[in-house]
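Reading through the structure tokens given below for one structure.
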Amino acid sequence: MSYLVLARKWRPGNFDDIVGQEHVTRTLKNAIEAERVAHAYLFTGARGVGKTSAARILAKALNCEKGPTTDPCNECTHCREIAKGSCVDVHEIDGASNTSVDDIRDLKEGINYLPSTCRKKVYIIDEVHMLSTNAFNALLKTLEEPPSHVIFIFATTEPHKIPGTILSRCQRFDFKRIPVKLIFEQLKTIAGKENIGITEKGLMLIAREADGGMRDAQSLLDQVVSFSGDTITDSDIIDVLGIIDRTLIHDAVSAVIEKNSPACLEIVERLFLYGWDIKEFGKELLEYFRDLAVVKATEGGNGLVNATDDELETMKRIVLSLGAADLHLYFDVMSRGMEDMARSLHPKIALEMLLLKLSTLGSLRNIDELIDMARKGRSFPEKEEPHLPPMKAEEQAPQTVHQPVSLAEPETPYVREEEPHKESEKTWKGFVDFVTNKKAVLGSILQRAHLVSFGDDEIAIAPDNDFSREKVSDEEPQLKELSALYFGKEKTFKVNKLDTAAGELNSLHEDKKKRESDHSRKLKKEAMEHPRVIEALDIFKGEIKEIRTDLSFNE
Ligand SMILES: Nc1ncnc2c1ncn2[C@@H]1O[C@H](COP(=O)(O)OP(=O)(O)OP(=O)(O)O)[C@@H](O)[C@H]1O
Ligand SMILES: [Mg+2]
Ligand SMILES: [Zn+2]
């Protein structure tokens with residue numbers, strides 16, 4: 018297989034075959050359908066993203082014997098000649114080698130003749146920015162009032178070099194770099210159809226390397242095929258493309274997270290021995306930390322991470338043991354380290370130090386996470402790394418500013434001891450809970466009612482409004498039954514007016530409110546006096562802005 022073969026063989030034949038440029042193809046199709054095709058187009062965008070392909074498809078669409086159509090047949094004489102570049106009415110001109118006024122003059126003469134067999138004469142001028150100023154000026158006249166049988170399609174990678182007078186006479190389409198994922202999928206299709214044995218990881222390596230250009234991706238695939246034959250190993254790709262092995266990136270990230278300093282140094286050594294570019298490695302590592310942060314933030318990547326499914330799974334596993342704050346910290350330190358590395362005369366040493374620094378960063382814990390743990394009554398260890406091997410004492414990170422501000426103490430004040438509920442003790446509160454479980458509305462009325470008296474045979478209550486009073490009276494038979502179930506003995510219910518009970522006991526509801534606020538006050542006090550908090554305030558020279566307490570206060 019030779020160079021360019023794949024790119025030629027896989028040139029899109031129809032608008033729908035063009036990958037990742039829907040904003041262009043949809044508009045062109047609409048224009049054809051509505052018979053409102055412009056007389057001059059400018060296609061801009063990076064190399065190998067589909068400009069020439071789109072221009073040829075437009076030429077075919079207008080001239081297909083079964084058209085004009087949005088879907089040229091690719092079989093008729095016109096379609097086939099246009100695809101081959103041999104159609105007399107479709108001119109492909111290389112702006113780079115036809116830059117003179119004379120060239121444009123020839124072109125202008127030709128324009129006045131009607132097409133010989135096609136409907137439209139199409140002039141595709143590639144690299145149009147290479148035309149001389151005079152050539153542009155000569156072109157300008159034609160662009161102002163072109164014959165109706167002529168269409169110009171200009172293509173360029175450098176639109177800023179085109180004079181404004183030309184730009185303003187064209188309808189412009191900016192072709193985008195193609196997302197890695199789409200390139201990957203296209204390569205996968207091609208590899209499948211061409212029987213090329215290559216792993217998804219390998220295809221992803223190529224797709225990433227192509228930097229948004231489909232032609233580049235296909236050429237790279239050609240290159241590795243001609244190196245390895247029909248079965249391509251990942252290490253072939255790494256060798257041929259001279260790219261950094263993702264395994265090494267992954268190993269480095271693991272070493273950092275596991276706080277394994279010796280492994281960090283060993284990886285830099287390996288990198289150096291392979292002769293890989295240290296700064297390039299730094300860039301990839303930075304990107305990996307970015308990807309991890311994105312996976313964490315989006316709970317799975319959300320299409321924003323260029324990775325194979327396997328890689329994505331690995332990333333998801335890694336971020337389980339890390340908080341968002343950790344990831345941001347890694348990224349920050351990494352990106353500052355990269356700047357140092359760029360300036361350093363010894364990038365290798367700079368990278369070693371950077372990895373060491375990263376591997377000794379303390380684990381930051383998100384405050385909500387802490388509160389959540391406290392709420393669940395779990396005592397949290399200094400560092401919790403469920404997926405990593407336990408650390409040896411001598412590997413413990415030295416104390417740095419980034420060390421966790423952990424609120425962990427053997428006995429956490431945030432956990433409220435549950436008072437053991439004695440079965441034998443049958444209280445008003447117990448009864449109200451019992452009723453609430455069975456009859457929510459009635460229960461909530463009882464909770465807000467004031468208890469006037471609580472006797473062996475009779476309970477007197479004062480509900481807090483007329484409606485509730487009526488409801489309790491109506492439901493008395495029900496309450497009696499429930500009391501028999503709960504107390505083992507039926508009680509009668511006496512309903513008082515609230516004012517007769519004024520100054521009496523609080524309702525359960527009021528009691529609870531009061532206890533909640535006492536509880537919250539107590540917690541706030543404890544938090545402010547907590548030694549770790551005092552220490553943290555001292556280290557960061559901070560002040561307490563807000564203390565949030567557990568809102569779901571449970572009895
Ligand atoms: N969007 C795309 N979808 C599918 N294949 C594409 C796409 N873009 C490029 N290709 C592949 O790359 C080859 C070259 O594309 P094309 O000539 O259209 O690129 P271009 O944008 O004109 O590039 P240049 O600026 O270098 O002229 C095509 O034959 C095709 O195989
Ligand atoms: Mg082109
Ligand atoms: Zn056709």
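In terms of my numbering, the sequence shown has 369 at position 352, counting the first letter as 1, and numbering is strictly consecutive. Glycine residues also receive a C-beta, built at the ideal position from the N, C-alpha and C atoms. Note that the structure is a prediction, hence the values are computed from the model and not measured.
Close beta carbons around Arg-287, own chain, < 8 Å, minus the five adjacent residues each side: Around Arg-287: Leu-265.
Since Ser-352 and Leu-302 should fall inside the 8 Å C-beta cutoff, what is the C-beta to C-beta distance between them, to a whole number of angstroms? The pair is not a contact, with the Cβ atoms about 10 Å apart (cut-off 8 Å).
Using a Cβ-based criterion (distance less than 7 Å to any ligand heavy atom), does Asn-31 qualify as near ligand 3? In this structure, Asn-31 has its beta carbon at no less than 7 Å from each heavy atom of ligand 3.
Whose C-beta lies closer than 6 Å to the C-beta of Val-107 among residues of the same chain, with five residues either side of it excluded? Excluding sequence neighbours, Val-107 sits near Ala-76, Ile-99 and Val-139.
For a test of your reading of the model: does the CB of Phe-169 fall under 7 Å from any non-hydrogen atom of ligand 1? Yes or no. No, since every heavy atom of ligand 1 falls outside the 7 Å radius drawn around the Cβ of Phe-169.
Kindly identify the DSSP beta-bridge partner or partners of Gln-38. Note: Gln-38 sits in no beta bridge, so no partner.
Thinking just about the alpha-carbon of each residue, which of Ala-55, Phe-201 and Ser-243 is nearest to the one in Val-22? Out of Ala-55, Phe-201 and Ser-243, Ser-243 has the C-alpha closest to the C-alpha of Val-22.
Using CA coordinates, which residue listed in Phe-190, Leu-124, Ile-35 and Glu-161 is at the minimum distance from Phe-60? The closest CA to that of Phe-60, considering only Phe-190, Leu-124, Ile-35 and Glu-161, is found on Phe-190.
Can you list, in chain order, every residue whose CB sits closer than 7 Å to a heavy atom of ligand 3? So the residues near ligand 3 by this Cβ test are Lys-77, Cys-81, Glu-82, Lys-83, Gly-84, Pro-89, Cys-90, Asn-91, Glu-92, Cys-93, His-95 and Cys-96.
Does the structure place the segment 115-132 close enough to the segment 65-79 that three or more beta carbon pairs sit under 8 Å? Contact check between the segment 65-79 and the segment 115-132: fewer than three CB pairs, one atom from each, fall below 8 Å, which does not count as touching.
Considering only the beta carbon of each residue, do Lys-205 and Thr-325 sit closer than 8 Å? No, the Cβ-Cβ distance between Lys-205 and Thr-325 is not below 8 Å.
Pick out whichever of Gly-229, Ala-78, Ala-57 and Arg-263 has its Cα sitting closest to the Cα of Ser-165. Comparing C-alpha distances from Ser-165 to each of Gly-229, Ala-78, Ala-57 and Arg-263 shows the shortest one belongs to Ala-57.
Where does the unbroken alpha helix (DSSP H) through Lys-531 begin, and where does it stop? Residues 525-546.
Hey, quick one: how far does the beta strand (DSSP E) through Ala-367 stretch, first residue to last? For Ala-367, no beta strand (DSSP E) encloses it; the enclosing alpha helix (DSSP H) starts and ends at 364-376.
With a threshold of 7 Å, establish whether the CB of Ala-24 neighbours any heavy atom of ligand 1. Result yes, Cβ under 7 Å from ligand 1.
Would you kindly check if the distance between the Cβ of Gly-62 and the Cβ of Lys-193 is under 8 Å? In contact: Lys-193 and Gly-62 (Cβ atoms closer than 8 Å).
Does the pairing of the segment 340-355 with the segment 300-319 give three or more beta-carbon distances under 8 Å? They touch, by the three-pair rule.
Is it the case that the CB of Glu-61 approaches a heavy atom of ligand 2 more closely than 7 Å? A small fix is needed here, since residue 61 is Thr in this sequence, not Glu. Judged by the Cβ position, Thr-61 fails to qualify as a neighbour of ligand 2 at the 7 Å threshold, every heavy atom of the ligand being at least this far.
How many angstroms separate the CA atom of Asp-111 from the CA atom of Leu-222? Using only the alpha carbons, I get a separation of about 33 Å.
Just the C-alpha distance for Arg-25 and Glu-82, rounded to the nearest angstrom, thanks. Between Arg-25 and Glu-82, the alpha-carbon positions lie close to 24 Å from each other.
So for Val-458, helix, strand or coil by DSSP? For Val-458, the secondary structure class from DSSP, reduced to helix, strand or coil, is helix.
Selected residue, minimal CA-CA separation from Trp-293, among Leu-220, Arg-122, Leu-79 and Pro-364: Put simply, of Leu-220, Arg-122, Leu-79 and Pro-364 the residue whose alpha carbon is nearest the alpha carbon of Trp-293 is Pro-364.
Tell me whether Ala-172 counts as near ligand 2, meaning its Cβ is closer than 7 Å to at least one heavy atom of that ligand. Within the cutoff, so yes.
I believe Val-197 touches Arg-225 by the beta-carbon criterion, under 8 Å. Please report the beta-carbon distance rounded to the nearest angstrom. Right, the Cβ-Cβ distance comes to about 6 Å (below 8 Å), so this counts as a contact.
What does DSSP give as the partner residue(s) for Thr-7 in the beta ladder? Look at the range of the chain in this structure, 18 to 572, and you will see that residue 7 is not part of it.
Can you give me the start and stop residues for the beta strand (DSSP E) that Thr-173 sits inside? Run containing Thr-173: 167-173, per the beta strand (DSSP E) assignment.
Less than 7 Å between the CB of Met-231 and some heavy atom of ligand 1, yes or no? True, at least one ligand heavy atom lies under 7 Å from that Cβ.
Straight-line gap, Ile-249 to Phe-289 (C-alpha atoms, nearest Å): Note on geometry: alpha-carbon atoms of Ile-249 and Phe-289 lie some 25 Å from one another.
Is the number of C-beta pairs between the segment 363-378 and the segment 259-278 that are closer than 8 Å three or more? By the criterion of at least three beta-carbon pairs nearer than 8 Å, the segment 363-378 is in contact with the segment 259-278.
Hey, would you say the C-beta of Thr-216 is under 7 Å away from at least one heavy atom of ligand 2? No.
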